[in-house]
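Structure record follows, encoded as structure tokens.
2 protein chains.
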Amino acid sequence: MEKNTSERAVTLKDLAKELGIHPSTVSRVLHSDPDSARGAASEATAQRIRELAAEVGYSPDPQATSLRTRRTQLLGVVVPRLSDLVLAIMYEGIEEAAARIGYSAFVTNSRDDVDEQRRKVEMMLARRVDGLIIGDSHLDGDVLPDLRHRAVPFVLMNRRHPGFPSSTCDDTRGGELVAEHLWDKGHRRVCVIAGEPYASTAVDRTAGFVDRWRALGGDIPDDSIVWSRFDTQGGREAAERILAAGTAPTALFAVNDFAAIGAMGALRTHGMAVGADCAVVGYNDTSLAAELPIPLSSVRSPMAEIGRSAVRLLQRVIRGEPVESVRLAPTLQVRESSA
Amino acid sequence: MEKNTSERAVTLKDLAKELGIHPSTVSRVLHSDPDSARGAASEATAQRIRELAAEVGYSPDPQATSLRTRRTQLLGVVVPRLSDLVLAIMYEGIEEAAARIGYSAFVTNSRDDVDEQRRKVEMMLARRVDGLIIGDSHLDGDVLPDLRHRAVPFVLMNRRHPGFPSSTCDDTRGGELVAEHLWDKGHRRVCVIAGEPYASTAVDRTAGFVDRWRALGGDIPDDSIVWSRFDTQGGREAAERILAAGTAPTALFAVNDFAAIGAMGALRTHGMAVGADCAVVGYNDTSLAAELPIPLSSVRSPMAEIGRSAVRLLQRVIRGEPVESVRLAPTLQVRESSA
DNA sequence: CTGAAAGCGCTTACAG
DNA sequence: CTGAAAGCGCTTACAG
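If you read the sequences in order, they're chains S and L.
Basically this note's numbering = 1-based index in the first sequence + 4.
Basically this note's numbering = 1-based index in the second sequence + 4.
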């Protein structure tokens with residue numbers, strides 16, 4: 005039998021015919037793990053089968069296998085956008101963890117649009133994924149109860165939602181860390197570039213900061229909290245609004261590194277020196293933060309681990325085991341922007 | 005028939021039984037497009053079928069369909085890493101263009117490692133994708149001839165390789181644009197942060213710059229070209245090497261925005277003002293460039309369009325039609341960093 | 001216009 | 001230890 009280079013892939017039947025045995029025997033051998041022959045076939049037969057399979061590069065047709073077993077070994081992942089570095093890193097964690105347990109990850113962008121999210125989820129289900137990792141959950145979203153009602157195995161990632169299992173950073177704690185740091189540095193007039201109000205990440209980081217700030221005795225009026233897009237431009241616009249509003253703060257907390265970078269740009273435009281005139285702290289400690297011309301202080305969240313942990317969580321859900329949400333601890337990296 | 009909320013999905017057979025007709029009739033109707041009944045069934049029957057299908061939310065099992073048709077409607081995409089913003093944006097273009105023609109995109113990271121690349125390609129083929137978009141081609145790579153020999157439909161994206169169809173930016177032209185710009189601004193002592201020598205993007209951008217520079221009458225010794233990683237840290241390290249080497253250049257061309265940002269950091273560390281003391285130009289014009297504290301000049305490449313174009317190219321390859329590589333035109337965005 | 005049959009490539013009880 | 005059969009959910013010639 006030649007190594008296969010033609011159109012048609014080698015099938016179980018081809019192997020069986022070549023060896024003069026029944027396809028079911030080949031199947032049995034190839035699906036029990038090598039050491040435990042488990043009565044699948046005699047060791048001699050098993051060896052002949054495995055040798056031939058390796059020689060011709062046999063790879064079972066996953067469509068046929070799925071049709072029979074009712075499992076696709078596919079994990080669907082829905083994120084707002086992979087061009088958000090934070091989600092891209094989490095996805096790398098997902099891909100790695102999924103591969104380790106025999107799944108492939110299948111990812112799609114929803115642009116943080118609820119209609120698109122619903123369409124993409126349906127697309128994933130139409131593809132018959134074994135489970136779903138939702139990375140774009142909205143606090144007011146209604147797709148989750150529907151998924152639960154349809155008994156679809158799923159977990160949330162990055163953003164949490166009360167009542168559903170999730171793998172996230174402890175964003176409340178992250179906000180607290182920033183409040184403590186800026187308070188210690190003597191800042192008393194601070195503003196928060198808070199992100200999108202529909203995302204738990206934004207809400208929790210902001211709430212963690214504000215609550216801790218007030219507990220420390222600080223004052224922070226509501227109009228010091230400016231909701232914004234998560235990206236660089238959103239951060240710049242939010243900072244512009246803050247600086248236009250009157251007395252400039254001595255420190256800014258942006259709940260996202262990219263928003264923080266945008267804010268740094270706005271400060272410079274207004275002739276203010278980042279660090280000296282106004283401290284800036286970001287969130288996620290993306291690889292850029294440490295390398296910026298003025299290195300950015302940032303809350304480090306274990307992004308890849310959040311992705312890996314989501315996979316482990318989902319695996320338990322698929323198996324019907326009880327699960328507990330995971331909230332991973334953040335740490336603060338202090339750099340020149342707020343030193 | 006109730007809307008399906010149980011474990012088992014509704015099948016063609018279920019629909020047929022409910023309507024008292026044969027499954028093959030249901031299949032025929034559901035697969036011819038609505039307006040052209042094309043003798044699939046009487047209009048009356050067709051209508052009943054479509055209504056019931058919509059009512060119960062029938063979605064055909066793609067595994068069963070694939071097994072029968074020998075097509076998965078899956079496009080495999082291999083990229084170095086989605087956490088590289090450039091690839092993430094290209095992937096968004098791929099996803100959109102693929103959906104438009106009835107395919108789903110299935111993406112994986114290879115970390116720019118040749119072994120990993122081979123593994124990931126094999127994984128994609130084992131999943132029986134209908135075609136492959138290779139975004140991590142190495143100039144010295146040998147996986148491409150093997151793929152061609154096995155008659156796998158594939159195209160390259162972002163990085164080209166002589167003899168294989170690709171969708172890329174005209175990187176040579178991009179390098180030329182930068183040379184012309186810096187020359188016009190009066191710079192005569194320039195260095196190139198050149199990226200990885202195995203990537204055609206790096207090689208072409210650098211060659212385009214150098215060749216044009218010399219054609220303009222400029223001098224650029226070989227040790228002014230410093231190979232580097234594509235990321236921020238790689239750019240910083242390269243710039244450090246350049247600054248340590250002796251006479252500082254008056255301009256730096258980094259073949260990647262992130263490398264350019266790292267270089268800006270290194271300049272600042274050495275007390276040099278970006279723009280005033282040393283111009284910096286990047287490549288790709290990622291969303292960050294315009295929003296940086298010192299806005300970065302950058303060659304704009306049509307990233308999403310490169311992805312979309314790769315899909316169209318691949319579709320032609322899958323159909324067995326002749327294809328021509330696509331090289332999309334770049335434009336230069338001049339900003340404060342080199343104004 | 002519609003039905004009946006075969007078969008895509010697997011897995012999995014069930015015999016023997 | 002191995003074979004034979006059934007069936008997962010589709011599509012597609014082939015009849016009539």
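The beta-carbon is built from N, C-alpha and C at its ideal position, and this holds for glycine as well.
In this text the structure is predicted, and so the values were computed from the model without any measurement.
Straight-line Cα distance separating residue j from residue i
i	j	result
Ile-344 (chain S)	Gln-77 (chain S)	Chain S is shown only over 5 to 343; residue 344 (chain S) falls outside these bounds and no answer can be derived.
Ala-277 (chain L)	Arg-320 (chain L)	50 Å
Ile-310 (chain S)	Glu-340 (chain L)	38 Å
Gly-178 (chain S)	Ala-252 (chain L)	42 Å
Ala-314 (chain L)	Arg-331 (chain L)	11 Å
Lys-189 (chain S)	Asn-260 (chain L)	36 Å
Ile-53 (chain L)	Arg-72 (chain L)	22 Å
Arg-316 (chain L)	Glu-325 (chain S)	44 Å
Ser-305 (chain L)	Asn-288 (chain L)	5 Å
Arg-312 (chain L)	Ala-242 (chain L)	33 Å
Arg-209 (chain L)	Glu-180 (chain L)	8 Å
Met-94 (chain S)	Ser-302 (chain L)	28 Å
Leu-136 (chain L)	Ser-171 (chain L)	13 Å
Ala-333 (chain S)	Glu-184 (chain S)	16 Å
Arg-123 (chain L)	Leu-56 (chain S)	21 Å
Trp-231 (chain L)	Ile-246 (chain L)	11 Å
Leu-220 (chain S)	Trp-187 (chain S)	8 Å
Leu-23 (chain L)	Thr-236 (chain S)	56 Å
Pro-58 (chain S)	Asp-146 (chain L)	One detail in the question is off: residue 58 (chain S) reads as Ala in this sequence, not Pro. Roughly 22 Å between the two C-alpha positions.
Asp-215 (chain S)	Arg-272 (chain L)	37 Å
Tyr-62 (chain S)	Met-127 (chain L)	13 Å
Arg-323 (chain S)	Phe-262 (chain L)	42 Å
Arg-154 (chain S)	Leu-160 (chain S)	16 Å
Leu-336 (chain S)	Gly-97 (chain S)	21 Å
Residue i at chain L interface by Cβ criterion, 8 Å
i	result
Met-268 (chain S)	yes
Asp-289 (chain S)	no
Arg-323 (chain S)	no
Ala-41 (chain S)	Model confidence at Ala-41 (chain S) stands at a pLDDT of 49, short of 50, so the residue's coordinates are unreliable and nothing is read from them.
Asp-65 (chain S)	yes
Leu-71 (chain S)	yes
Ile-25 (chain S)	no
Ile-224 (chain S)	no
Ile-53 (chain S)	no
Thr-210 (chain S)	no
Leu-86 (chain S)	yes
Thr-15 (chain S)	no
Ile-229 (chain S)	no
Contact set for residue i: own chain, Cβ-Cβ below 7 Å, skip 5 residues either direction
i	result
Ala-41 (chain S)	Low confidence applies here, because Ala-41 (chain S) scores a pLDDT of 49, under 50, leaving its location unreliable; read the following figure in that light. These residues qualify, in order along the chain: Glu-47 and Ala-50.
His-26 (chain L)	Ala-20
Gly-212 (chain L)	Asp-175, Thr-176, Arg-177, Gly-178, Gly-179 and Glu-180
For residue j and residue i, believed in contact at Cβ under 8 Å, the rounded distance
i	j	result
Leu-91 (chain S)	Asn-162 (chain S)	7 Å
Val-194 (chain L)	Ile-224 (chain L)	6 Å
Arg-132 (chain L)	Gln-67 (chain S)	6 Å
Pro-169 (chain S)	Ser-329 (chain S)	5 Å
Own chain, CB closer than 6 Å to residue i, minus 5 neighbours either side, in chain order
i	result
Ala-258 (chain S)	Ile-197, Gly-239, Ala-264, Ala-267 and Gly-286
His-142 (chain S)	Tyr-202
Ala-283 (chain L)	Ala-255 and Ser-342
Glu-244 (chain S)	Ala-270
Asp-175 (chain S)	Thr-205, Asp-208 and Arg-209
Close beta carbons around residue i, own chain, < 8 Å, minus the five adjacent residues each side
i	result
Pro-64 (chain S)	Leu-16 and Leu-34
Pro-84 (chain L)	Leu-91, Asn-113, Ser-114, Arg-115, Asp-116, Gly-139 and Asp-140
Asp-144 (chain S)	Tyr-202
Neighbour flag for residue i against chain S, beta carbons, 8 Å
i	result
Glu-328 (chain L)	no
Ala-130 (chain L)	yes
Ser-342 (chain L)	no
Ser-310 (chain L)	It should be pointed out that residue 310 (chain L) corresponds to Ile in this sequence rather than to Ser. No - not a single Cβ of chain S is within 8 Å of the one on Ile-310 (chain L).
Arg-339 (chain L)	no
Pro-297 (chain L)	yes
Thr-205 (chain L)	no
Arg-272 (chain L)	yes
Pro-334 (chain L)	no
Residues of the stretch 88–101 of chain S in Cβ contact with chain L at a cutoff of 7 Å, in chain order, please. Leu-89, Ala-92, Ile-93, Tyr-95, Glu-96 and Glu-99
Looking at chain L, which residues of the stretch 101–112 of chain S have a Cβ within less than 7 Å of any of its Cβ atoms? Ser-108, Phe-110, Val-111 and Thr-112
What are the residues in the stretch 232–252 of chain L lying within 7 Å of chain S by C-beta distance? Asp-235, Thr-236, Gln-237 and Arg-240
Under 8 Å (Cβ pairs) to chain L, residues found in the stretch 186–205 of chain S: none
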